[in-house]
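Just below is one structure, and these are the notes that go with it.
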Amino acid sequence: MSTTILIGAQWGDEGKGKIIDVLTERVDWVVRAQGGNNAGHTVEVGEERFVLHLVPSGILHEGKRCVIGNGVVLDPVALVEEIQGVAARGFPVEGRLFISDRAHVVFPYHRMLDAQGEARRAKGDQIGTTQRGIGPAYSDKAARFGLRMADLVDPEFPALLKARVEEKNRALAALGAPVADYDDVLAAVQQAMETLRPLVCDTVPLLHAAVRAGEHILFEGAQGILLDIDFGTYPFVTSSNAGSGGASTGSGVPPNRMDRVVGVLKAYTTRVGEGPFPTELHDADGEELRRVGREFGATTGRPRRCGWFDAVVARHAVMTCGVDEWALTKLDVLDGFETLKICTAYELDGRRIEHFPANVREVARCRPVYEEWPGWRTSTRGAARFDDLPDAARRYIARLEDVTGAPAGILSLGPRRADTLFREMPR
Ligand code: GDP
Ligand code: IMO
Ligand code: MG
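Residues in the sequence shown are numbered from 32 upward in steps of one, following the working numbering.
In structure tokens, the structure reads:
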């Protein structure tokens, strides 16, 4: 299997960073193809904990090469900070990180507009964005007003930027908001480009050559399918295609060169930010999931909303992303629960439904249909094989496979590399 797409199968924070890290050993390239520094991917290596936002998580494996593809929106100043951070901790990026010249750039005015957009929405309509300027940057891309990395290395860049700052400042001033200072923006970007310039290239031929040579490529999805701009809980979503399709459009590796899709699936559900969440818990069980699972945002530090496992969500991921197998994470977080619930369908206005509705107001009215499963009340940490897991845990996993229609090939029982079980999967 030479190209694997890894996606988040819920609302993000499924443990993608950890799974990417354990799979990186087997690949040559790790590629980000969408999102920006709204992502926060945690990787624990020995006693150290890294949170990566824009730099692909593969950077923590010596010798592996990483690509920030055309589908990503990147904040050059934030990226340089991150590059310096990982370099200072022993992972220099030179010769290993390649940035697409087609990737769009996030400027300070995008962040300012993100904040304004949120502040001006009525209560209940706010998205709870990460305020990283992601939505406004993708809006400019779609409006054909954005600037790309190729523009930043062009001698005309100062003039191109000036026209944008003037236009955006008119919009900000009309809102009565503070405006961006052209000279400051230019200086900050030019300084960042001293680091980034040597890393910018056309990544399409690079990846094409890798595919032709039979090298292994792993696509590191950001966010999750329920935050996807098309298949998520619109409008409470991010502004990119977080599903498997985004890997192709965001990298230039065509769909017929993709071999396998791994869906990262938490053994329960979390969401950070606003928007409907049918299995959300507001009780002691929800508190316990947050406490044991340490469910606080890796990017913003916000507490994550927690709830039971939702098979309607997982089946939505299977259908829209073509999930071949799950990497089932955070099973250990369920170790102490006496009873576990699995949502197998929803009840909407008195009807039973099996599929995730498009209408966000309907999603908000969906009531989960639960079945109950006994917990195992014992630690799963340290299990070396699937068969070492307690019976009740194996039955819970088997039921998740049944109700979602995809097998769990990878099981994660803790944040570290060693806390991972691989099962032989039919390929
Ligand atoms: P991502 O955005 O999908 O990469 O996920 P985050 O890094 O935002 O959040 C996942 C959190 O769970 C991180 O703190 C990980 O270190 C942690 N984690 C990942 N897998 C496991 C696991 O199997 N068990 C436990 N207890 N923690 C895990
Ligand atoms: P990773 O890759 C969880 C959420 C925000 C908000 C919505 C829109 O770590 O899984 P945005 O800033 O993108 O315009 O915010 O999407 N969100 C995430 N939630 N994990 C993420 O990334 C997220 N990236 C964005 O909380 O609800
Ligand atoms: Mg995260």
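Yeah, the Cβ is synthetic: ideal placement off N, Cα and C, and Gly gets one too.
Practice task
State yes or no: is the C-beta of Thr360 nearer than 6 Å to some heavy atom of the ligand GDP?
Solution key: Indeed, a heavy atom of the ligand GDP lies less than 6 Å from the Cβ.
On a CA-only basis, which of Arg447, Ala439, Arg448 is nearest Glu455? Give me that one, please. Minimum Cα distance to Glu455 is reached at Ala439.
**Report entry** Under 7 Å between C-beta atoms of Ile99 and Val295
**Finding:** Inclusion of Ile99 and Val295 in the CB contact set at 7 Å is not warranted, their separation being larger than that value.
- Cβ pair Trp357, Tyr299 closer than 7 Å: Going by beta carbons, Trp357 and Tyr299 fall outside the 7 Å limit.
ask   = What distance in whole Å lies between the Cβ atoms of Tyr377 and Pro307, which are believed to be in contact at a cut-off of 8 Å?
value = The Cβ separation is near 11 Å, so there is no contact.
Report task. Would you mind giving the Cβ-Cβ distance between Ala253 and Arg447, rounded to the nearest angstrom? I have them listed as a contact below 8 Å. Result -> Not confirmed; about 22 Å, so no contact.
If you run the structure through DSSP and keep just helix, strand and coil, what is Leu237? Correct three-state label for Leu237: helix.
Discussion item. Does the beta-carbon of Glu79, which I'm using as the reference point, lie nearer than 6 Å to any heavy atom of the ligand GDP?
Written reply: No, Cβ of Glu79 sits at least 6 Å from all heavy atoms of the ligand GDP.
- Query: Can Gly304 be considered in contact with the ligand IMO, in the sense that its beta carbon sits closer than 6 Å to one or more heavy atoms?
  - Reply: Yes, since a heavy atom of the ligand IMO falls inside the 6 Å radius drawn around the Cβ of Gly304.
Fill in: Contact the region 350-367 vs the region 277-297: 3+ CB pairs below 8 Å
Contact between the region 350-367 and the region 277-297 is present, because at least three Cβ pairs lie under 8 Å.
(message) On the DSSP bridge list, what partners appear for Phe250?
(response) For Phe250, the pairing in a beta bridge is given by DSSP as Ile36, Val62.
Self-check item: Coarse secondary structure for Cys397, derived from DSSP in three states
Solution: It is coil, neither helix nor strand.
**OP:** Any chance you could list the residues with Cβ under 5 Å from a heavy atom of the ligand MG, keeping chain order?
**Re:** Having a Cβ closer than 5 Å to some heavy atom of the ligand MG are Asp44, Gly71, Ala329.
request  = Would you mind working out which of Thr160, Ser275, Gly66, Ser279 sits nearest Leu234, comparing C-alpha positions?
outcome  = Note on identity: in this sequence residue 234 is Thr, with Leu being the wrong assignment. Restricting attention to Thr160, Ser275, Gly66, Ser279, the CA atom closest to the CA of Thr234 is found in Ser279.
Short of 7 Å in beta carbon distance, which residues of its chain neighbour Arg228, apart from the five on each side in sequence? Order them along the chain. For Arg228, the CB contacts under 7 Å within the same chain, skipping 5 residues up- and downstream, are Val184 in chain order.
Simplified DSSP state of Gly440, which is helix, strand or coil: DSSP places Gly440 in strand when its eight states are reduced to three.
For Ile373, which residues does DSSP report across the bridge?
DSSP output for Ile373 lists Phe340, Glu402 as bridge partner(s).
#### Entry: Residues near Leu257 in its chain [Cβ-Cβ closer than 7 Å; skip 5 each side]
Cβ contact annotation for Leu257 (same chain, cutoff 7 Å, sequence separation greater than five): Gln41, Trp42, Gly263, Thr264, Val344, in chain order.
Can you check whether the CB of Cys352 is closer than 7 Å to the CB of Arg281? The question names Arg, but residue 281 in the sequence shown is Gly. Contact: no.
Beta strand (DSSP E) runs contained entirely in the region 274-361, provided each spans 3 or more residues
Fully enclosed beta strand (DSSP E) runs of 3 or longer: 291-297, 300-302, 336-338, 356-360.
- Val111 versus Ala223: straight-line alpha-carbon distance, rounded: Roughly 6 Å between the two C-alpha positions.
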